[in-house]
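Structure first, commentary second.
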Amino acid sequence: MHRTLATLVALGASAALVAGCSNSDTNSDSDASATASSGAVTGDITVFAAASLKTTFTELGEMFETENPGTDVEFNFAGSSDLVTQLTQGAPADVFASADTSNMTKAVDGDLVAGDPTNFATNTLTIVTAPGNPKNVTSFADLADPDVLTVICAPQVPCGSATKKVEDATGTEIPAVSEESAVTDVLGKVTSGQADAGLVYVTDAAGVGDQVATVDFPESAEAVNTYPIATLNSSDNAGTAAAFVALVTSDTGRRVLTEAGFGAP
Numbered sequence: 025m026h027r028t029l030a031t032l033v034a035l036g037a038s039a040a041l042v043a044g045c046s047n048s049d050t051n052s053d054s055d056a057s058a059t060a061s062s063g064a065v066t067g068d069i070t071v072f073a074a075a076s077l078k079t080t081f082t083e084l085g086e087m088f089e090t091e092n093p094g095t096d097v098e099f100n101f102a103g104s105s106d107l108v109t110q111l112t113q114g115a116p117a118d119v120f121a122s123a124d125t126s127n128m129t130k131a132v133d134g135d136l137v138a139g140d141p142t143n144f145a146t147n148t149l150t151i152v153t154a155p156g157n158p159k160n161v162t163s164f165a166d167l168a169d170p171d172v173l174t175v176i177c178a179p180q181v182p183c184g185s186a187t188k189k190v191e192d193a194t195g196t197e198i199p200a201v202s203e204e205s206a207v208t209d210v211l212g213k214v215t216s217g218q219a220d221a222g223l224v225y226v227t228d229a230a231g232v233g234d235q236v237a238t239v240d241f242p243e244s245a246e247a248v249n250t251y252p253i254a255t256l257n258s259s260d261n262a263g264t265a266a267a268f269v270a271l272v273t274s275d276t277g278r279r280v281l282t283e284a285g286f287g288a289p
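25 is the number of the first residue of the sequence shown in the numbering used here; add one for each residue after it.
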């Protein structure tokens, strides 16, 4: 009886030791997995983003690098249609953020996008003029006056497509003196005095403060642009690319975008 009890005790102790070793190995594996996971967010990524995102994405990029030491986020800001063309021609990038869904659809159809794009913001148009609004522009219809030198985005650019939608909805045709490939170029023509007025996103107008006067118009509701973001199949650093997308679509990203004037998706 004593030998049997002693044997059982010995077997129990041996089992506990084995279990302890097994648990230790499991915990060790979990710790290693967690370390590997946390270590995945490192290295360089290149983000192709619509020109209207320059201020907010630059801020988010700096935030991302601070929160993830060892990362470096490079940006290429341009008109969304130009960015898709560059990607289609083989330009290396990890993330694409478009100012409209149609250019993102082109990227998806071209098998450039990994997974499904996520909508993260919206934007609408406003009229900008020189400070003081010397031409007294008070409505969208005023831009049909050829004496008001107006600059707009080209039709293939999201801000140009939005402009065309408002023109069609209102029956107003703008005799634009130039059509630009990026909304920032439209803004630049107005702030430099080369144009009396321009159509830009509300976020771009807000970004330059008193360098321009703004004229809101109710017809802008006819053309609300939705911004999608996605990682790209060509990415050599998919983990870090996905982490940046996660930041943009997080509550923190939403706060930065809202403060800049973007609407919710």
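From the three backbone atoms N, C-alpha and C, an ideal C-beta is built for every residue, glycine too.
Check: Pull up the distance between the alpha-carbon of residue 162 and that of residue 239, whole angstroms please.; Outcome: 6 Å
Check: Indicate whether the contact test is met: 3 or more Cβ pairs, each with one atom in the segment 212-224 and one in the segment 130-148, closer than 8 Å.; Outcome: no
Check: Nearest CA to the CA of residue 65: which residue from 270, 284, 283?; Outcome: 270
Check: So what does residue 177 bridge to, in DSSP terms?; Outcome: 204
Check: How far does the beta strand (DSSP E) with residue 98 in it extend, from its first residue to its last?; Outcome: 95-102
Check: Using a Cβ-Cβ cutoff of less than 6 Å, which residues in the same chain neighbour residue 208 once the five nearest sequence positions on both sides are dropped?; Outcome: 75
Check: Given a cut-off of 9 Å, decide if residue 223 and residue 253 are closer than it, judged by their beta-carbon atoms.; Outcome: no
Check: Use the C-beta contact count for residue 274: other C-beta atoms within 10 angstroms, 16 or more gives buried, fewer gives exposed.; Outcome: exposed
Check: Got a sec, what are the start and stop residues for the alpha helix (DSSP H) residue 88 sits in?; Outcome: 78-91
Check: State the start and end residues of the unbroken alpha helix (DSSP H) segment that holds residue 262.; Outcome: 262-272
Check: Look at the alpha carbon of residue 237 and the alpha carbon of residue 257, and state the distance between them as a whole number of angstroms.; Outcome: 42 Å
Check: Helix, strand or coil for residue 241? Go by DSSP, reduced to three states.; Outcome: coil
Check: Taking the CB atoms as reference points, tell me whether residue 178 and residue 197 lie closer together than 9 Å.; Outcome: no
Check: I think residue 83 touches residue 280, with their Cβ atoms under 8 Å apart; what is that distance to the nearest whole Å?; Outcome: 6 Å
Check: Identify the continuous alpha helix (DSSP H) that holds residue 132 and give its terminal residues.; Outcome: 125-133
Check: Classify residue 112: buried if its beta carbon has 16 or more other beta carbons within 10 angstroms, exposed otherwise.; Outcome: exposed
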